[in-house]
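Participant:
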Amino acid sequence: MKSPILATVPHKKYPQAELVAALGALHELHVPLNIREETDKKNKLTALGLLPVSYDPKKFLSTVEAIEAAFTV
Numbered sequence: 000m001k002s003p004i005l006a007t008v009p010h011k012k013y014p015q016a017e018l019v020a021a022l023g024a025l026h027e028l029h030v031p032l033n034i035r036e037e038t039d040k041k042n043k044l045t046a047l048g049l050l051p052v053s054y055d056p057k058k059f060l061s062t063v064e065a066i067e068a069a070f071t072v
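Following this line, the structure appears as structure tokens:
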């Protein structure tokens, strides 16, 4: 599985559940720069699809991309 889709179900008790799930997936997939440089460790995935149900997809994607950019050097 190289390009899974993360589909989440909104919950009124946890309004940020979809965003938290997306960030959790990105956190799990993150490989620190020093590990990437020292080894030939390949990325686990080539792409991660996000399927937000309760958010505007464009706004959700831009929010996730902005947070993911904080992981890069």
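Position 42 (the sequence shown) corresponds to 41 in numbering that gives the first Met the number 0; numbering is contiguous. The beta-carbon is built from N, C-alpha and C at its ideal position, and this holds for glycine as well.
Just to confirm, are residue 21 and residue 49 a CB contact at a threshold of 8 angstroms?
Facilitator: Here residue 21 refers to the residue found at position 22 when the sequence shown is read from its first residue. Here residue 49 refers to the residue found at position 50 when the sequence shown is read from its first residue. Result yes, Cβ atoms of residue 21 and residue 49 sit closer than 8 angstroms.
Participant: Is residue 26 helix, strand or coil when you go by DSSP?
Facilitator: Here residue 26 refers to the residue found at position 27 when the sequence shown is read from its first residue. Reduced to three states, the DSSP call for residue 26 is helix.
Participant: Please name the residue or residues paired with residue 4 in a DSSP beta bridge.
Facilitator: Counting from one through the sequence shown, the residue named residue 4 turns up at place 5. According to DSSP, which records beta bridges pairwise, residue 4 is partnered with 48.
Participant: Tell whether a beta-carbon distance below 8 angstroms holds between residue 1 and residue 38.
Facilitator: Sequence index remark: in the sequence shown, residue 1 carries index 2 (1-based). Sequence index remark: in the sequence shown, residue 38 carries index 39 (1-based). No, the pair does not count as a contact, with Cβ atoms beyond the cut-off.
Participant: According to DSSP, which residues form a beta bridge with residue 13?
Facilitator: Counted from its first residue, the sequence shown places residue 13 at position 14. Per DSSP, 10.
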